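Reading through the structure tokens given below for one structure.
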Amino acid sequence: MKKIFIIAGGYSKEREISLDTAKSVFSELCKDKKYIIKIHEPDGNFIKNMRNFKPDVVLNLLHGRYGEDGYIQAILETEKVKYTHSGVLSSSLAMDKEISKKIFLQNGISTPNYLKFSFKKKINKKNLINKLRKKLGFPVVIKPINEGSSVNVFICNSINFFKKLNNLKDYGEILIEKYIPGREIQVAVLSNKILGAIELRPRRKFYDYQAKYNPRAKTEHIIPVNITKDQYSRVTNAALKAHKLLKCSTVTRSDFRFYKNKFYLLEINTQPGMTSLSLVPEIAKFNNITFKNLIEKILRDASFKK
Ligand SMILES: Nc1ncnc2c1ncn2[C@@H]1O[C@H](COP(=O)(O)OP(=O)(O)O)[C@@H](O)[C@H]1O
Ligand SMILES: [Mg+2]
18 MKKIFIIAGG
28 YSKEREISLD
38 TAKSVFSELC
48 KDKKYIIKIH
58 EPDGNFIKNM
68 RNFKPDVVLN
78 LLHGRYGEDG
88 YIQAILETEK
98 VKYTHSGVLS
108 SSLAMDKEIS
118 KKIFLQNGIS
128 TPNYLKFSFK
138 KKINKKNLIN
148 KLRKKLGFPV
158 VIKPINEGSS
168 VNVFICNSIN
178 FFKKLNNLKD
188 YGEILIEKYI
198 PGREIQVAVL
208 SNKILGAIEL
218 RPRRKFYDYQ
228 AKYNPRAKTE
238 HIIPVNITKD
248 QYSRVTNAAL
258 KAHKLLKCST
268 VTRSDFRFYK
278 NKFYLLEINT
288 QPGMTSLSLV
298 PEIAKFNNIT
308 FKNLIEKILR
318 DASFKK
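Numbering (the working numbering), first residue to last: 18 to 323.
Shown next, in the form of structure tokens:
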């Protein structure tokens with residue numbers, strides 16, 4: 018018998034996805050009578066209830082801020098419990114798209130060119146458009162530095178730029194990236210090894226929230242990805258390198274754009290989704306790792322981290 022304390026839900030904009038992930042994982046683990054499972058929100062009672070429950074493992078199924086950025090990991094560390102996925106440092110680094118991009122670039126991993134934009138400074142609209150035209154070229158992608166699930170990611174041209182930008186002003190600082198046309202390929206790493214890759218072909222303008230989670234958006238999932246052996250080796254090794262550079266644990270999913278024979282790493286996710294439409298379980302399944310095997314691997318890898 019193993020006692021598993023699942024943390025899910027939370028306060029980020031990806032709350033619903035986390036609950037969905039927890040639902041899939043819980044129903045899979047319940048098929049087997051060998052687990053005693055408690056699911057809890059990371060709320061005011063969670064530490065007290067976790068102490069009372071005395072789990073063998075804490076299964077962190079949170080996404081986004083407070084769950085994927087080192088915050089909950091620091092609490093679990095302080096509680097001296099074994100927990101799944103990445104530790105404090107890796108989670109914080111991976112969640113911050115600006116810092117992780119700097120690490121990628123310093124280590125020869127391509128990522129789209131970008132500028133950091135601060136809403137605190139006064140903007141001269143004309144100068145900004147000219148600067149973007151010169152440094153990145155339109156269209157550009159605007160995105161929060163530490164968000165997920167494509168929440169508040171927008172592709173803009175020079176005409177609708179300020180209108181879209183307005184949606185992000187509460188973040189204070191954001192990234193403006195060069196838009197990379199081409200294909201969308203994601204790579205999963207499991208237990209420090211390449212698990213595999215998948216291509217996404219959204220029917221929408223890009224792989225946005227709807228394309229990710231609404232089955233009616235009918236995003237096509239293509240596995241195996243139709244690329245050459247050399248291309249497969251390049252993209253999967255870039256994902257493994259990013260996983261190791263950030264000292265991630267157990268499982269990560271790296272999101273790439275593929276254009277003109279070059280892969281651009283957008284980000285690495287330390288808490289990849291495990292819903293029925295999620296990609297890591299699909300890549301695992303393609304490699305004969307069932308959903309249950311995958312969850313059990315994640316549980317077995319749980320440790321005390323630094
Ligand atoms: N520079 C870019 N060029 C083209 N598409 C992009 C770019 N940045 C983001 N996207 C699109 O937006 C999606 C979400 O962006 P991403 O950086 O992975 O943030 P999130 O953490 O929200 O998943 C990507 O999967 C891709 O479809
Ligand atoms: Mg992404």
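Built from N, CA and C at the ideal position, the CB exists for glycine as well. Since we're looking at a predicted model, the values are computed, not measured.
Just to confirm my understanding: we take residue i, look at its own chain, exclude 5 residues before and 5 after, and list those with CB closer than 7 Å. What are they?
{"i": "I56", "result": "I23, A25, A39, F43"}
{"i": "T253", "result": "V204, I211, A214"}
{"i": "S29", "result": "H80, G81, R82, Y83, G84"}
{"i": "L185", "result": "I159, P161, N169, I191"}
{"i": "S41", "result": "M291, T292, S293"}
{"i": "L93", "result": "V75, Y100"}
{"i": "L182", "result": "I159"}
Tell me which residues share the same chain as residue i and place their Cβ nearer than 6 Å to its Cβ, disregarding the 5 neighbours each side in the sequence.
{"i": "L283", "result": "D272"}
{"i": "G87", "result": "V105, S108, S109"}
{"i": "L207", "result": "V268"}
{"i": "E201", "result": "L217, Y224"}
{"i": "E237", "result": "R218"}
Under the criterion of a Cβ to heavy atom distance below 7 Å, does residue i qualify as lining ligand 1?
{"i": "S35", "result": "no"}
{"i": "E94", "result": "no"}
{"i": "R220", "result": "no"}
{"i": "R270", "result": "no"}
{"i": "F223", "result": "yes"}
{"i": "R82", "result": "no"}
{"i": "P129", "result": "yes"}
{"i": "S14", "result": "Nothing in the structure corresponds to residue 14, since the chain is present only between 18 and 323."}
{"i": "Y196", "result": "yes"}
{"i": "V170", "result": "yes"}
{"i": "N32", "result": "Looking at the sequence shown, residue 32 is not Asn but Arg. For ligand 1, not one heavy atom lies less than 7 Å from the Cβ of R32."}
{"i": "R274", "result": "yes"}
{"i": "N201", "result": "Residue identity differs from the one stated: residue 201 is Glu in this sequence, not Asn. True, at least one ligand heavy atom lies under 7 Å from that Cβ."}
{"i": "K309", "result": "no"}
{"i": "K160", "result": "yes"}
Measuring only the C-alpha atoms, how far is residue i from residue j?
{"i": "R220", "j": "F280", "result": "21 Å"}
{"i": "S320", "j": "R82", "result": "22 Å"}
{"i": "Y249", "j": "L263", "result": "21 Å"}
{"i": "F275", "j": "I197", "result": "8 Å"}
{"i": "K19", "j": "D49", "result": "11 Å"}
{"i": "G27", "j": "V168", "result": "16 Å"}
{"i": "S117", "j": "A111", "result": "6 Å"}
{"i": "L132", "j": "C47", "result": "47 Å"}
{"i": "K261", "j": "Q90", "result": "18 Å"}
{"i": "Y100", "j": "L76", "result": "6 Å"}
{"i": "G154", "j": "D187", "result": "25 Å"}
{"i": "N231", "j": "E33", "result": "12 Å"}
{"i": "Q123", "j": "I315", "result": "30 Å"}
{"i": "F70", "j": "S103", "result": "23 Å"}
{"i": "E194", "j": "E164", "result": "15 Å"}
{"i": "I120", "j": "N286", "result": "15 Å"}
{"i": "I115", "j": "N174", "result": "Residue 115 is actually Glu in this sequence, not Ile. So the two alpha carbons sit approximately 22 Å from each other."}
{"i": "R68", "j": "S166", "result": "31 Å"}
{"i": "V157", "j": "T128", "result": "14 Å"}
{"i": "D318", "j": "R270", "result": "16 Å"}
{"i": "S35", "j": "L296", "result": "14 Å"}
{"i": "D60", "j": "L78", "result": "14 Å"}
{"i": "P298", "j": "K309", "result": "9 Å"}
{"i": "V98", "j": "I54", "result": "15 Å"}
With respect to 7 Å, is the separation between the Cβ of residue i and the closest non-hydrogen atom of ligand 2 below this value?
{"i": "E284", "result": "yes"}
Looking only at its own chain, which residues have a Cβ that is under 8 Å from the Cβ of residue i, when we skip the five neighbours before and after it?
{"i": "K277", "result": "G199"}
{"i": "N243", "result": "E216"}
{"i": "F179", "result": "K142"}
{"i": "G189", "result": "S135, F136, K137"}
{"i": "I209", "result": "Reading off the sequence, residue 209 comes out as Asn, not Ile. Excluding positions up to five away in sequence, the list reads L257, H260, K261."}
{"i": "I146", "result": "S175, F178"}
Going by DSSP, what residues sit across from residue i in a beta bridge?
{"i": "N77", "result": "I24"}
{"i": "T269", "result": "V206"}
{"i": "A214", "result": "V204"}
{"i": "E284", "result": "D272"}
{"i": "F134", "result": "I191"}
{"i": "I239", "result": "E216"}
{"i": "K279", "result": "Y276"}
{"i": "K19", "result": "Y52"}
Discussion item. Please give me, in chain order, every unbroken run of the beta strand (DSSP E) with length at least 3 that falls completely inside the segment 42 to 69.
Written reply: 52 to 57
Worksheet item: In chain order, which continuous runs of the alpha helix (DSSP H) of length 4 or greater are located wholly inside the segment 290 to 320?
Response: 296 to 303, 308 to 317
Worksheet item: Curious, which full-length beta strand (DSSP E) runs of at least 3 residues does the segment 145 to 187 contain?
Response: 157 to 161, 171 to 173
Worksheet item: Fully enclosed by the segment 93 to 130, which alpha helix (DSSP H) runs are 4 residues long or longer?
Response: 105 to 112, 114 to 123
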